[in-house]
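This report refers to the structure that appears directly beneath it.
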Amino acid sequence: MPLIAGNWKMNLDHLQAIALVQKLAWSLKDVKHDFGDVEVAVFPPFTDLRSVQTLLAADKLSLALGAQDVSPHLSGAYTGDISAQFLSKLDTRYVLVGHSERRHGHGEGDDIVAAKAKAVATQGMVPMICVGETAADLEEQGAAAVPLAQLEAAIAALPKDAEFVIAYEPVWAIGSGEPATAEQAEQVCAALRARIAELRGAKVAAETRLLYGGSVASQNVAGYLRQANVDGALVGGASLDSQEFSRIVQFKKHVTGA
Ligand code: PEP
Numbered sequence: 000m001p002l003i004a005g006n007w008k009m010n011l012d013h014l015q016a017i018a019l020v021q022k023l024a025w026s027l028k029d030v031k032h033d034f035g036d037v038e039v040a041v042f043p044p045f046t047d048l049r050s051v052q053t054l055l056a057a058d059k060l061s062l063a064l065g066a067q068d069v070s071p072h073l074s075g076a077y078t079g080d081i082s083a084q085f086l087s088k089l090d091t092r093y094v095l096v097g098h099s100e101r102r103h104g105h106g107e108g109d110d111i112v113a114a115k116a117k118a119v120a121t122q123g124m125v126p127m128i129c130v131g132e133t134a135a136d137l138e139e140q141g142a143a144a145v146p147l148a149q150l151e152a153a154i155a156a157l158p159k160d161a162e163f164v165i166a167y168e169p170v171w172a173i174g175s176g177e178p179a180t181a182e183q184a185e186q187v188c189a190a191l192r193a194r195i196a197e198l199r200g201a202k203v204a205a206e207t208r209l210l211y212g213g214s215v216a217s218q219n220v221a222g223y224l225r226q227a228n229v230d231g232a233l234v235g236g237a238s239l240d241s242q243e244f245s246r247i248v249q250f251k252k253h254v255t256g257a
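Numbering (numbering that gives the first Met the number 0), first residue to last: 0 to 257.
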């Protein structure tokens, strides 16, 4: 099933988070969105998770909850870190690992990303592993080399039966208003799926969802989802606007023209 995920980044306090989720839920109810057809997940900041979890449970909303980061450790003397155990207790289903804003802003390398992905999986959640090349990587090595190396490193320590999601996010496209073309996204996602097949077999490769992220909006989302190897989108800025995010979630209407 396709997955549309909204990464709020460091935006919205817990009261604003409740308001946004309510508006999104109303908007999706208005259009009779079928959550069995397209899965929708939101990734609020840590301090909003409990409020959003409570709202989703009280109103029986079918949105999945995601977290933006996690500690590679499960407990102990790691001041400021948030354990995968805590996230799991909040009914968190997905956890972003390796977002470029963590890799580049916090110096997180492939080893930390791998440890985080493992911590998430061992607590019964699904790591959403972000991979993507910088503009310099693109020029020097082409589009796929860095994402493939990041994929390989991130899943190396995952249990063989662990579900994971890959978000291909070219760093140059994130928050830039300069999205990759649908063909560029497809090319890299096809290469990622082929590498997953080599590493984990054809069945896992077919079942693993590959998302595109980087300046996704309602005007361009359909182009990505039309591609054979793009199974969803990771949306940053546009996920903060309930109407716009709702239109993105309804990408099928754009694809079929219905
Ligand atoms: C992101 O934060 O993962 C992202 C893709 O951001 P944006 O959609 O704003 O480019």
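Where is the CB? At the ideal position from N, CA and C, for every residue including glycine.
- Which residues DSSP lists as bridging M0, in chain order: M0 pairs with nothing; no bridge assigned.
- Item | Of the residues L95, Q218, N10 and S99, the one placed nearest P126, counting alpha carbons only | L95
- Write down every uninterrupted run of the beta strand (DSSP E) in the segment 148-209 whose length is 3 residues or greater and which is fully enclosed by it, in chain order. 164-167
- Task: Return yes when the Cβ of F163 is within less than 8 Å of the Cβ of T207, no when it is not.
- Result: yes
- C-alpha distance - L86 paired with S74, whole-angstrom precision: 12 Å
- If we count the other Cβ atoms within 10 Å of its Cβ and call it buried at 16 or more, is H103 buried or exposed? exposed
- Confirm the yes/no value for this check: CB of V220, any heavy atom of the ligand PEP, distance under 7 Å. no
- Item | N219 versus G176 - alpha carbon distance | 11 Å
- Query: If you run the structure through DSSP and keep just helix, strand and coil, what is L64?
  - Reply: strand
- Message: Is A237 a contact residue of the ligand PEP, with contact defined as CB to any heavy atom under 7 Å?
- Response: yes
- Does the separation of the CB atoms of L224 and F244 fall below 8 Å? no
- For G35, which three-state DSSP category applies? coil
- Message: Quick check on the DSSP output: the alpha helix (DSSP H) that includes L11 runs from which residue to which?
- Response: Run containing L11: none; DSSP gives neither H nor E here.
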